[in-house]
Amino acid sequence: MAFDDLYQEIILDHAKNPRNKENLDFISEDEVHENPTCGDSIKLAVDFFDDGKLERVRFDGDGCAISTSSASMMTEIVEGKSKEEVLKMIKSFILIMRNEIESSLEDWGDLIALEGVIKYPLRVKCATLPWHALKDALM
Amino acid sequence: MVREWIFANGKSVGEIREEFPILQNKLNLSGNNSPVDLVYLDTAATAQKPFQVIEAGDRYYREQNSNVHRALHTLGEEATAVYENSRQKVASFINAENSHEIVFTRNTTESINLLASSLGSIFGPGDEVLLTEMEHHSNLVPWQLLSQRTGCKLKFIPINSDGELELDEIDNLLTEKTALVGVVHISNIFGTINNIKHIIDKAHSFDVPVLIDGAQSTPHMAIDVQELDCDFFAFSSHKLYGPMGMGVLYGKEKYLDKMPPYMGGGDMIRSVKLTGSTWNDLPWKFEAGTPNVGGAAGLGAALDYISKLGFEYISDYENMLSEYAGSLLSENNKIKLYGPVGHRAGVFSFTHKDIHPHDMAQFLDSFGIAVRAGHHCAQPAMRKLKVSSMTRASLSFYNTRSEIEFLAEKIIAAGEYFNNGIR
């Protein structure tokens with residue numbers, strides 16, 4: 000049933016053992032991204048290589064399984080990519096989640112597990128919260 | 000054997016449920032082939048409507064629709080009578096001294112905004128508005144806006160970890176600078192019933208008027224504004240089994256009389272010249288433009304409906320359900336319940352140690368159980384308790400013991416589904 004499509008094994012795994020999740024207390028509370036509908040919050044720390052590519056993205060915050068797993072998978076996939084590439088990915092990811100473009104997450108590694116979210120419009124904001132935060136961190 | 004509950008109108012819970020069309024429907028869950036029964040436990044967000052309310056609105060538009068207060072024809076008279084009869088019903092429902100102390104608005108939020116804009120227009124930097132940390136955003140943000148406009152200060156009665164007001168603090172917070180006290184009657188998160196009588200008496204000893212936010216109390220208990228002696232009382236129709244888009248601001252005549260209009264337009268004026276106008280009598284001075292007459296018809300029917308059930312019966316039954324829910328869940332060491340034990344009115348909020356409230360609500364939804372998850376429009380109170388969100392089940396007289404058992408069973412099942420620990 001659709002509910003199991005929403006909470007696939009990969010999502011539960013990333014939610015239980017989030018990658019690149021660390022205590023980021025050194026970042027001010029003003030830089031926290033909040034989902035106004037639920038109060039979930041996230042903050043990001045982005046490290047760059049000398050050539051401007053993303054070395055590592057770390058996150059901290061309080062979120063549901065969907066937003067936590069989305070953040071965890073996002074930090075993995077953007078590693079080593081250029082800023083421009085990542086901004087493009089963010090744009091596509093948000094449009095795919097909102098079901099506004101005919102495209103799939105087939106080539107996005109673990110992130111394909113988030114396709115189940117598209118059927119739950121109220122949860123799309125959970126999945127996209129970390130991506131909005133990363134966009135702001137890069138702009 | 001659990002005894003069958005009969006309400007003042009002689010009806011059982013089963014018979015009452017049959018009067019709510021939405022409770023007869025099956026829910027089509029996405030990806031699920033067999034529709035499920037709706038278990039509606041989100042009444043504190045908005046109540047379902049009995050057919051009497053739906054039909055009153057329908058009848059108005061089929062048989063009585065016309066504009067109020069101006070047409071001289073028969074329908075105009077009838078529409079005006081429908082509208083003004085509802086005002087009378089509201090006045091007796093909260094035992095107001097005069098029906099012209101009842102101002103119709105869109106909802107509790109608009110009632111409070113009206114008060115903040117109108118009464119608040121005379122506030123200045125030396126004035127203070129005393130609120131509480133328990134307030135819904137609707138009794139907080141209008142005062143923040145007022146504070147930005149006029150420079151008045153906001154102060155707050157604190158809450159403790161049980162979700163109760165620290166009433167001793169009121170003696171330090173209430174001063175000759177206090178211009179208004181605004182307090183929520185029943186907390187929408189904790190179900191706490193605040194001792195508003197105590198707060199009103201304290202405020203009156205400083206000649207300070209008091210606003211009560213009755214959005215959550217009016218569905219659960221009888222209100223007598225004269226006995227409470229509150230100066231303003233705001234509530235919504237839709238939480239009271241009436242239609243959406245109707246709200247009420249009760250105000251004592253002595254205040255409403257002096258307050259300037261909130262919005263300008265038709266119906267609120269006595270005489271209009273290009274350079275200025277004079278205002279209509281109470282309560283129409285505060286009701287600019289064509290009002291929601293169909294909504295008023297539905298609200299009147301809702302008040303009749305609730306009055307027939309009887310508040311003594313409603314509170315007893317809802318308290319029984321709430322205590323039953325508590326007894327089924329309090330033993331579980333993964334679940335934390337919020338609010339004062341044994342004194343929660345109609346709502347119980349909880350968190351599960353291993354499951355985020357969103358995931359919990361989504362899991363429950365997959366069985367047709369409707370609950371609320373999030374910050375419940377009361378972020379300051381949540382921050383104080385150091386929780387970013389909770390799951391809230393809220394109760395009504397149309398809920399049953401078996402629904403509560405189903406809820407408890409599925410809350411526990413959620414723990415297993417998420418493999419004993421997502422977070």
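Top to bottom, those sequences are chains R and D. Numbering that gives the first Met the number 0 numbers the first residue of the first sequence as 0 and each following residue consecutively. Numbering that gives the first Met the number 0 numbers the first residue of the second sequence as 0 and each following residue consecutively. Ideal Cβ placement from N, Cα and C applies to all residues, glycine included.
Where residue i meets chain R, residues with beta-carbon distance less than 7 Å
| i | result |
| --- | --- |
| Asp358/D | Cys63, Ala64 |
| Phe423/D | Examination of residue 423/D is not possible in this model, given that chain D is present from 0 through 422 alone. |
| His99/D | The contacting residues do not exist; His99/D stays about 39 Å from chain R at best. |
Beta-carbon gap between residue i and residue j smaller than 8 Å
| i | j | result |
| --- | --- | --- |
| Ser236/D | Gly250/D | no |
| Ala296/D | Gly56/D | yes |
| Val292/D | Ala78/D | yes |
| Ile156/D | Glu132/D | yes |
| Ala413/D | His351/D | yes |
| Leu40/D | Ile368/D | yes |
| Leu153/D | Leu130/D | yes |
| Thr107/D | Ala233/D | yes |
| Ser329/D | Gly338/D | no |
| Asn159/D | Glu168/D | no |
| Ser85/D | Tyr261/D | no |
| Leu139/D | Ala115/D | no |
| Gly115/R | Leu5/R | yes |
| Ala64/R | Ile111/R | no |
| Glu127/D | Thr45/D | no |
| Phe417/D | Asp353/D | yes |
| Val180/D | Val207/D | yes |
| Pro141/D | Ile121/D | no |
| Phe240/D | Tyr312/D | The identity of residue 240/D in the sequence shown is Tyr, whereas the question assumes Phe. Not a contact, by the Cβ cut-off of 8 Å. |
| Leu320/D | Ile403/D | yes |
| Lys409/D | Asn8/D | no |
| His68/D | Cys376/D | no |
| Phe285/D | Leu22/D | no |
Option nearest residue i by Cα separation, candidates the options
| i | options | result |
| --- | --- | --- |
| Ser40/R | Ile117/R, Val56/R, Ser66/R, Leu53/R | Ser66/R |
| His342/D | Ser326/D, Ile192/D, Met220/D | Ile192/D |
| His374/D | Ala95/D, Phe189/D, Asn31/D | Phe189/D |
| Val102/D | Ser395/D, Leu363/D, Asp280/D | Asp280/D |
| His13/R | Gly79/R, Gly62/R, Val31/R, Ile89/R | Gly62/R |
| Gln63/D | Phe205/D, Gln51/D, Val81/D, Glu408/D | Val81/D |
| Asn27/D | Trp283/D, Val35/D, Pro20/D | Val35/D |
| Gly264/D | Asn138/D, Ser276/D, Met258/D | Ser276/D |
| Met267/D | Thr274/D, Pro282/D, Asp364/D | Pro282/D |
| Leu137/R | Arg97/R, Val116/R, Gly51/R | Gly51/R |
| Tyr60/D | Glu415/D, Ala301/D, Gln361/D, Gly294/D | Gly294/D |
| Gln215/D | Asn66/D, Arg391/D, Ala344/D | Ala344/D |
| Ser29/D | Glu99/R, Phe48/R, Tyr119/R | Tyr119/R |
| Gly125/D | Arg400/D, Asn112/D, Gly150/D | Gly150/D |
| Asp3/R | Ile76/R, Glu21/R, Leu53/R, Leu113/R | Leu113/R |
| Glu28/R | Lys15/R, Ser68/R, Asp59/R, Ala1/R | Asp59/R |
| Ile411/D | Asn31/D, Ala324/D, Ala43/D | Ala324/D |
| Lys146/D | His135/D, Val67/D, Gly119/D, Leu113/D | Reading off the sequence shown, one finds Ser at residue 146/D, where the question assumed Lys. Taking only the C-alpha atoms, the option nearest Ser146/D is Gly119/D. |
| Met381/D | Trp142/D, Arg400/D, Asp161/D | Asp161/D |
| Asn331/D | Gly309/D, Glu286/D, Ala407/D | Ala407/D |
| Glu83/D | Val38/D, Gly244/D, Gly299/D | Gly299/D |
| Leu248/D | Arg105/D, Pro218/D, Val52/D, Ser33/D | Arg105/D |
Chain-ordered neighbours of residue i on chain D, where CB pairs are closer than 9 Å
| i | result |
| --- | --- |
| Ala1/R | Leu28, Ser29, Gly30, Asn31, Ser365 |
| Leu43/R | In chain order: nothing, as chain D lies at least about 17 Å away. |
Heavy atom of the ligand MG within 7 Å of residue i beta-carbon
| i | result |
| --- | --- |
| Ser186/D | Among the components of this structure there are no ligands whatsoever, and the ligand MG is therefore not found. |
Amino acids of chain R, ordered along the chain, whose beta-carbon sits closer than 9 Å to that of residue i
| i | result |
| --- | --- |
| His351/D | Simply none; closest approach about 12 Å. |
Partner residues on chain D for residue i, Cβ-Cβ distance less than 8 Å
| i | result |
| --- | --- |
| Leu5/R | Gln361 |
Residues that residue i contacts on chain R, provided the C-beta gap is smaller than 8 Å
| i | result |
| --- | --- |
| Ala372/D | Cys37 |
Near-chain R residues of the segment 121-147 of chain D - C-beta to any C-beta below 7 Å: Residues are counted here when their Cβ sits less than 7 Å from a Cβ of chain R; for the segment 121-147 of chain D the count is zero.
Residues within the segment 374-398 of chain D neighbouring chain R, beta-carbon criterion of under 7 Å: Look at the segment 374-398 of chain D: the residues with a C-beta under 7 Å from a C-beta of chain R are His374, Gln378, Met381, Ser387, Ser388.
The segment 71-79 of chain R in contact with the segment 99-117 of chain R per 3-pair CB rule at 8 Å: The segment 71-79 of chain R makes contact with the segment 99-117 of chain R; the number of CB pairs closer than 8 Å reaches 3 or more.
Members of the segment 27-40 of chain R that neighbour chain D once the beta carbon cut-off is set at 7 Å: For the segment 27-40 of chain R, the residues whose beta carbon sits under 7 Å from a beta carbon of chain D are, in order, Thr36, Cys37, Gly38, Asp39, Ser40.
Stretch pair the segment 13-24 of chain D + the segment 207-216 of chain D: three plus CB contacts closer than 8 Å: Taking 8 Å as the limit for Cβ pairs, the verdict is that the segment 207-216 of chain D does not touch the segment 13-24 of chain D.
Interface positions of the segment 178-209 of chain D facing chain R (Cβ-Cβ less than 7 Å), listed along the chain: In summary, no residue of the segment 178-209 of chain D has a CB separated from any CB of chain R by less than 7 Å.
Interfacial residues, the segment 64-82 of chain D to chain R, with Cβ spacing under 8 Å: Answer in chain order: no residues at all.
Residues of the segment 83-114 of chain R with Cβ closer than 8 Å to any Cβ of chain D, in chain order: Those residues of the segment 83-114 of chain R that come within reach of chain D (Cβ to Cβ, closer than 8 Å) do not exist; the list is empty.
Against chain R: residues of the segment 40-63 of chain D by CB proximity under 8 Å: None of the residues of the segment 40-63 of chain D has a beta carbon lying less than 8 Å from any beta carbon of chain R.
The segment 114-131 of chain R touching the segment 80-100 of chain R, judged by at least three CB pairs closer than 8 Å: Contact holds between the segment 114-131 of chain R and the segment 80-100 of chain R, because three or more Cβ pairs, one in each stretch, are under 8 Å apart.
contact_flag[the segment 31-45 of chain R, the segment 386-395 of chain D] where n(CB pairs < 8 Å) is 3 or more: Counting Cβ pairs under 8 Å, three or more are found: they touch.
Three-pair Cβ contact test at 8 Å for the segment 312-325 of chain D versus the segment 389-405 of chain D: Yes: at least three Cβ pairs fall under 8 Å.
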